[in-house]
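Notes follow the structure.
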Amino acid sequence: MADPGTTDPLLSGETPATAPASSLEEIIERSIGDFGWAQLLQVSLVSLAWAFDAQQTFISVVTDANPTWHCTDHHSSCNSATDMCQLPRGSWAWDMPADASIVSDWSLECASSVIRGLPASCFFLGCLIGGLVLATLADSSSLGRKNMMLLSCLLMSLAGLFTAASTNIWMYSALRFVSGFGRATVGTCALVLSTELVGKRRRGQVGSLSFLFFTFGFLSLPAIAYLNRGSSWRSIYLWTCIPTIPYCVLFHFLGRESPRWLFLQGHKEKFMATIKSIASHSSFTLRNLPETVCIEHDSSNSDLFSAIKILLDKKWAIRRLSAVMLVGFGIGMVYYGMPLGVGSLGFNLYLNVTLNALSELPSTLASFFLIGKINRKGSIFGFCILSGVCSVMCCVLMNMPSMSTESGWIISTGLFQIGAETVSFFSVCTAFNVLLIYTLELFPTCVRNSAMSMVRQAIVLGGVFSPVLVAAGRRNGVLSYGVFGVTIIFCGLFVAFLPETKGSSICDTMDEEEHKVFKTEASGCSHC
Numbered sequence: 001m002a003d004p005g006t007t008d009p010l011l012s013g014e015t016p017a018t019a020p021a022s023s024l025e026e027i028i029e030r031s032i033g034d035f036g037w038a039q040l041l042q043v044s045l046v047s048l049a050w051a052f053d054a055q056q057t058f059i060s061v062v063t064d065a066n067p068t069w070h071c072t073d074h075h076s077s078c079n080s081a082t083d084m085c086q087l088p089r090g091s092w093a094w095d096m097p098a099d100a101s102i103v104s105d106w107s108l109e110c111a112s113s114v115i116r117g118l119p120a121s122c123f124f125l126g127c128l129i130g131g132l133v134l135a136t137l138a139d140s141s142s143l144g145r146k147n148m149m150l151l152s153c154l155l156m157s158l159a160g161l162f163t164a165a166s167t168n169i170w171m172y173s174a175l176r177f178v179s180g181f182g183r184a185t186v187g188t189c190a191l192v193l194s195t196e197l198v199g200k201r202r203r204g205q206v207g208s209l210s211f212l213f214f215t216f217g218f219l220s221l222p223a224i225a226y227l228n229r230g231s232s233w234r235s236i237y238l239w240t241c242i243p244t245i246p247y248c249v250l251f252h253f254l255g256r257e258s259p260r261w262l263f264l265q266g267h268k269e270k271f272m273a274t275i276k277s278i279a280s281h282s283s284f285t286l287r288n289l290p291e292t293v294c295i296e297h298d299s300s301n302s303d304l305f306s307a308i309k310i311l312l313d314k315k316w317a318i319r320r321l322s323a324v325m326l327v328g329f330g331i332g333m334v335y336y337g338m339p340l341g342v343g344s345l346g347f348n349l350y351l352n353v354t355l356n357a358l359s360e361l362p363s364t365l366a367s368f369f370l371i372g373k374i375n376r377k378g379s380i381f382g383f384c385i386l387s388g389v390c391s392v393m394c395c396v397l398m399n400m401p402s403m404s405t406e407s408g409w410i411i412s413t414g415l416f417q418i419g420a421e422t423v424s425f426f427s428v429c430t431a432f433n434v435l436l437i438y439t440l441e442l443f444p445t446c447v448r449n450s451a452m453s454m455v456r457q458a459i460v461l462g463g464v465f466s467p468v469l470v471a472a473g474r475r476n477g478v479l480s481y482g483v484f485g486v487t488i489i490f491c492g493l494f495v496a497f498l499p500e501t502k503g504s505s506i507c508d509t510m511d512e513e514e515h516k517v518f519k520t521e522a523s524g525c526s527h528c
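Just so we're aligned: 246 in the UniProt record's numbering is position 246 of the sequence shown, and the numbers increase by one with no gaps anywhere.
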């Protein structure tokens with residue numbers, strides 16, 4: 001062991017008996033392992049971006065909804081069960097102002113399911129392409145996690161503001177694509193950045209805190225929509241996008257970059273300054289880093305897609321990435337499809353959306369309190385199965401008539417439908433939360449943001465198909481809830497090919513992770 005008297009410790013606040021840090025992980029744990037007020041402020045500031053992310057992700061649920069209508073000519077064959085497209089235009093009218101939804105505003109009530117689902121599909125397609133283009137910028141470019149998240153959040157909000165000025169479905173869909181393109185890396189960068197600002201003991205809880213902000217953002221949508229129920233759909237975009245601008249300004253001046261990323265990029269002075277600003281110790285002086293942890297920045301890996309090349313160069317990394325992306329695809333299809341399909345359940349739209357948003361709250365709390373205790377593989381698989389079974393139940397119940405009991409009471413299958421849908425959405429939300437934490441633990445710092453982005457793109461790819469399936473499922477529930485259930489159960493099986501990461505420390509380089517993989521395989525515990 002090196003003589004402590006011959007090597008300057010990182011923190012002069014350490015006791016003389018404490019040995020100098022010998023790894024980046026040890027430096028991080030010694031300086032920011034305890035969770036202080038500075039870290040809470042930073043984590044909260046970063047995680048707030050998830051609220052704006054949630055609003056733009058699910059805003060189509062209220063702005064693109066099919067409005068309710070009523071008959072105006074009671075002497076004709078018009079009734080609420082009639083297909084409105086078969087009726088003369090003067091025999092019915094919308095219950096709300098025509099500009100309350102894009103469907104009534106642009107007379108899309110009789111358009112094909114592809115046209116009505118186009119804006120939402122374009123948004124998720126933008127997320128998919130944006131993730132592929134921007135995925136590695138937070139790892140390999142000079143932007144880093146902080147600036148990448150800032151630019152993405154700004155682009156998403158500005159595109160949303162311009163969306164409010166759309167004059168037709170094509171312009172609207174194009175701007176939704178741009179918004180999705182910008183949104184692609186908001187959640188990814190926010191999650192990676194927030195978890196890299198704390199020690200491993202708080203990693204799971206901080207990740208769950210991000211999901212809590214996402215829940216609040218989702219929950220704010222029905223409230224905003226209800227308060228603006230007599231106004232144009234454009235006002236909802238203004239209410240959700242304008243607050244993002246001052247947030248971006250605030251984050252630019254107060255937000256901190258990931259100390260892990262700064263160190264691996266060779267920015268030693270910025271690394272020290274960041275550690276000092278967020279460390280829980282009340283006072284200390286930073287000195288030279290020990291030579292044993294001086295990692296020189298590799299200029300050969302500075303191109304934008306170097307992180308993806310590194311991932312694809314390792315067989316174990318390809319296996320992990322493929323398996324976790326397949327699981328993510330199934331989760332994404334159900335996670336984004338369920339809220340879009342609640343309008344077909346026959347309940348009040350605002351109530352349905354609120355129930356879905358509220359179901360995210362116990363999911364987030366469960367993730368927050370249990371993430372340190374539950375196995376990643378078993379929990380993801382179990383929640384995927386539960387979500388799939390309940391989704392198939394929704395499909396079955398949609399085709400069942402209301403039942404009469406011997407006492408004359410009428411049991412509406414609609415109550416069971418919304419109950420099964422809520423349980424299914426709760427389960428997929430929990431699986432979603434655990435999957436993101438799991439992905440953080442599966443890959444080292446040098447490629448973590450890129451791997452997380454690829455998994456998010458798989459989740460979003462599932463979301464691309466959801467709007468079309470939901471539109472088709474209004475006539476046949478098998479095409480929406482039936483497909484959702486079968487897909488998530490099948491994709492959930494691939495979690496069996498992944499290692500368990502509960503309680504393990506995260507690595508910073510591919511060599512460290514590869515050494516851990518080989519060590520695990522050599523011990524005969526490759527399934528652990």
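Even for Gly, the Cβ is constructed at its ideal location relative to N, Cα and C.
Might you give, ordered along the chain, the residues of its own chain that have their beta carbon closer than 7 Å to the beta carbon of residue i, omitting 5 neighbours on each side?
i: Thr-195; result: Arg-203, Val-206, Gly-207 and Leu-440
i: Leu-48; result: Phe-213 and Tyr-247
i: Ser-179; result: Gln-56, Phe-123, Gly-126, Met-156, Ala-159, Gly-160 and Thr-163
i: Ala-98; result: Ser-104 and Asp-105
With residue i as the anchor, note down where its beta strand (DSSP E) starts and where it stops.
i: His-252; result: His-252 -> not in any beta strand (DSSP E); alpha helix (DSSP H) instead, spanning 244-254.
i: Ala-93; result: 92-94
Within the continuous alpha helix (DSSP H) that includes residue i, where are the two ends?
i: Cys-122; result: 118-134
i: Cys-153; result: 144-163
i: Cys-241; result: 233-241
i: Pro-499; result: Segment: none, Pro-499 is in no alpha helix (DSSP H) and carries neither H nor E.
i: Met-272; result: 268-278
i: Ser-258; result: First-last for Ser-258: undefined, no H or E at that position.
i: Met-171; result: 169-183
For residue i versus residue j, is the C-beta spacing smaller than 8 Å?
i: Val-434; j: Leu-128; result: no
i: Ile-331; j: Cys-384; result: yes
i: Met-454; j: Leu-326; result: no
i: Asn-66; j: Val-114; result: no
i: Gly-388; j: Ile-488; result: yes
i: His-130; j: Thr-72; result: The sequence shown places Gly at residue 130, not His. No.
i: Asp-105; j: Trp-233; result: yes
i: Val-468; j: Gly-117; result: yes
i: Leu-264; j: Cys-507; result: no
i: Gly-328; j: Ser-466; result: no
i: Arg-376; j: Thr-509; result: no
i: Phe-211; j: Ser-367; result: yes
i: Val-43; j: Val-198; result: yes
i: Gln-39; j: Ile-371; result: no
i: Met-333; j: Gly-482; result: no
i: Gln-457; j: Leu-134; result: no
i: Val-61; j: Pro-339; result: yes
i: Thr-63; j: Ile-224; result: no
i: Thr-244; j: Cys-153; result: yes
If you run the structure through DSSP and keep just helix, strand and coil, what is residue i?
i: Ile-295; result: In this prediction, Ile-295 scores a pLDDT of 45, lower than 50, which makes its location untrustworthy; no coordinate-derived value is stated.
i: His-515; result: helix
i: Trp-69; result: strand
i: Phe-352; result: Rather than Phe, the amino acid found at residue 352 in this sequence is Asn. Of the three classes helix, strand and coil, the one that applies to Asn-352 here is helix, per DSSP.
i: Thr-509; result: coil
i: Trp-316; result: helix
i: Leu-48; result: coil
i: Leu-289; result: For Leu-289, the predicted model reports a pLDDT of 48, less than 50, meaning its position is unreliable and no value from the coordinates is stated.
i: Gln-39; result: helix
i: Val-198; result: coil
i: residue 536; result: Nothing about residue 536 can be reported from this structure: the residues present for the chain run from 1 to 528 only.
i: Ile-418; result: helix
i: Phe-443; result: coil
i: Ala-360; result: The question names Ala, but residue 360 in the sequence shown is Glu. Helix at Glu-360.
i: Arg-203; result: helix
i: Ile-59; result: coil
i: Ala-223; result: helix
i: Gly-372; result: coil
Give every residue of the same chain whose Cβ lies closer than 6 Å to the Cβ of residue i, excluding the five residues on either side of it in the sequence, and list them in chain order.
i: Glu-421; result: Cys-394
i: Lys-516; result: none
i: Ala-323; result: Phe-494, Phe-497 and Leu-498
i: Leu-238; result: Ala-164
Near residue i, what residues of its chain come up, given a Cβ to Cβ distance below 8 Å and the 5 sequence neighbours on each side ignored?
i: Phe-381; result: Gly-492, Leu-493, Val-495 and Ala-496
i: Glu-514; result: Lys-314 and Trp-316
i: Thr-68; result: Trp-94, Asp-95 and Met-96
i: His-252; result: Leu-150
i: Leu-442; result: Arg-320, Val-324, Ala-451, Leu-498, Pro-499 and Thr-501
i: Leu-209; result: Val-43, Ser-44, Ser-47, Ser-194 and Phe-368
Fill in: the stretch 215-223 / the stretch 357-367 touching (three or more Cβ pairs under 8 Å)
With the rule of 3 Cβ pairs closer than 8 Å, the stretch 215-223 counts as touching the stretch 357-367.
Discussion item. Within 8 Å, do at least three Cβ pairs link the stretch 267-275 to the stretch 165-177?
Written reply: Taking a contact to require three or more Cβ pairs closer than 8 Å, the stretch 165-177 and the stretch 267-275 do not qualify as touching.
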